[in-house]
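Here the structure is laid out as structure tokens; the discussion comes afterwards.
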Amino acid sequence: MSTREGGVSEPPFHHLNLGRSVGDAPEAVLENRRRVARHLGTEPVYLHQVHGSRCVLLDGPTPEPLSADAAVTATPGVGLAIQVADCLPVLLSALDAQGRALAVGGAHAGWRSLAGGVLEATVAALREVAPDNFALRAWLGPCIGPEAFEVGEDVLEAFGQRPELPGRHFRYQPRLDGSPRWRANLQGLARERLHQLGVEGVSVEPACTVSDPLRFFSFRRDGAASGRMAAFIALG
Numbered sequence: 001m002s003t004r005e006g007g008v009s010e011p012p013f014h015h016l017n018l019g020r021s022v023g024d025a026p027e028a029v030l031e032n033r034r035r036v037a038r039h040l041g042t043e044p045v046y047l048h049q050v051h052g053s054r055c056v057l058l059d060g061p062t063p064e065p066l067s068a069d070a071a072v073t074a075t076p077g078v079g080l081a082i083q084v085a086d087c088l089p090v091l092l093s094a095l096d097a098q099g100r101a102l103a104v105g106g107a108h109a110g111w112r113s114l115a116g117g118v119l120e121a122t123v124a125a126l127r128e129v130a131p132d133n134f135a136l137r138a139w140l141g142p143c144i145g146p147e148a149f150e151v152g153e154d155v156l157e158a159f160g161q162r163p164e165l166p167g168r169h170f171r172y173q174p175r176l177d178g179s180p181r182w183r184a185n186l187q188g189l190a191r192e193r194l195h196q197l198g199v200e201g202v203s204v205e206p207a208c209t210v211s212d213p214l215r216f217f218s219f220r221r222d223g224a225a226s227g228r229m230a231a232f233i234a235l236g
């Protein structure tokens with residue numbers, strides 16, 4: 001997982017902005033991506049993320065960014081990149097009985113994608129490309145934390161919850177003017193989905209992107225001045 005340190009972008013995108021569509025100088029983004037590729041030892045595939053649930057299967061570099069919010073590969077050396085700036089990056093692997101990875105995947109799990117089934121699509125794709133008798137593992141990266149993620153009734157409805165019974169991943173906290181609002185636990189919602197999908201092991205990086213401006217970009221905090229980080233995974 002990248003942070004905002006180690007790149008060449010000028011303010012307000014300083015320093016390691018990996019997003020091409022945020023207004024940063026194209027040559028700076030290109031150099032930042034080159035630095036990441038050298039560090040990883042592979043050229044990762046970046047998606048054109050649209051807050052949907054589509055998952056694509058990759059077996060090599062693509063000439064143009066694919067419109068999708070998740071990707072899976074069973075090809076060694078193919079790196080997957082999931083860009084975020086408050087949304088939740090989820091990295092997954094399918095392991096055989098000896099703990100060797102058979103396939104890997106990554107998902108961009110903002111609330112829209114998560115409610116829309118991006119994790120279900122990614123797990124289904126992993127099950128298609130991996131042989132039988134494997135275990136699924138997942139890593140949840142830094143994202144907007146439950147103390148910062150204020151949502152309205154539309155988000156509760158997207159997850160099948162009602163205002164009077166919001167569920168354990170939503171906490172009622174109205175604004176000072178009395179308008180109803182809830183605080184949402186994005187990682188908690190993702191863990192619940194993964195458990196339902198049979199993912200046996202889930203590790204979590206609990207850092208909140210909004211509350212740590214030195215390490216993380218945050219769209220909720222900085223708006224259009226926010227760059228993009230990325231989480232990466234590859235099959236060795």
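Under UniProt numbering, the very last position in the sequence shown is 236; numbers go up by exactly one each time. We put the beta carbon where it would ideally sit given N, CA and C, even for glycine.
So, for residue i: in the same chain, excluding its five sequence neighbours on each side, which residues have a beta-carbon less than 8 Å away from its beta-carbon?
i, result
"residue 26", "20"
"residue 202", "137, 138, 139, 140, 191, 194 and 195"
"residue 131", "96 and 102"
"residue 133", "96 and 97"
"residue 165", "none"
Rank the options by C-alpha distance to the C-alpha of residue i and give the top, closest one.
i, options, result
"residue 136", "105, 115, 165 and 113", "105"
"residue 180", "171, 186 and 57", "171"
"residue 50", "67, 221 and 118", "67"
"residue 143", "122, 197 and 204", "204"
"residue 108", "124, 213, 85 and 100", "85"
"residue 226", "75, 87 and 62", "87"
"residue 6", "215, 182, 186 and 126", "215"
"residue 61", "44, 159, 9 and 72", "44"
"residue 100", "57, 89, 74 and 81", "74"
"residue 4", "47, 213 and 59", "213"
"residue 114", "83, 168, 155 and 65", "155"
So that I know if they touch, is there some Cβ in chain B lying closer than 9 Å to that of residue i?
i, result
"residue 195", "Annotation note: the requested chain B is absent from the structure, which comprises a single protein chain."
Counting C-beta neighbours from all protein chains within 10 Å, is the total for residue i 16 or more, i.e. buried, or is it exposed?
i, result
"residue 93", "buried"
"residue 32", "buried"
"residue 17", "buried"
"residue 223", "exposed"
"residue 110", "buried"
"residue 161", "buried"
"residue 24", "buried"
"residue 178", "exposed"
"residue 173", "exposed"
"residue 187", "buried"
Leaving aside the five residues before and after residue i along the sequence, list all residues of the same chain whose C-beta is less than 7 Å from its C-beta, in chain order.
i, result
"residue 116", "52 and 53"
"residue 219", "85, 86 and 226"
"residue 2", "16, 18, 36, 229 and 230"
"residue 211", "145 and 148"
Which first and last residues belong to the beta strand (DSSP E) in which residue i is found?
i, result
"residue 98", "Counting along the chain, residue 98 falls outside any beta strand (DSSP E), and DSSP gives it neither H nor E."
"residue 81", "79-84"
"residue 148", "Unbroken run through residue 148: none, as it is neither H nor E."
"residue 56", "55-57"
"residue 204", "201-204"
"residue 220", "Not the beta strand (DSSP E): residue 220 falls in the alpha helix (DSSP H), residues 219-222."
"residue 171", "170-172"
Between which two residues does the alpha helix (DSSP H) holding residue i run?
i, result
"residue 193", "186-196"
"residue 29", "26-40"
Take residue i and list the residues in its own chain whose beta-carbon comes closer than 6 Å to its own, dropping the five residues that flank it on each side.
i, result
"residue 77", "42"
"residue 207", "142"
"residue 234", "42 and 79"
Practice item. Could you tell me whether the segment 102-120 touches the segment 22-42, where touching means 3 or more Cβ pairs closer than 8 Å? Key: The segment 102-120, when compared against the segment 22-42, does not touch it at the 8 Å Cβ threshold.
Check your understanding: Just checking, does the segment 146-160 make contact with the segment 120-129 on the three C-beta pairs under 8 Å criterion?
Key -> These segments do not touch.
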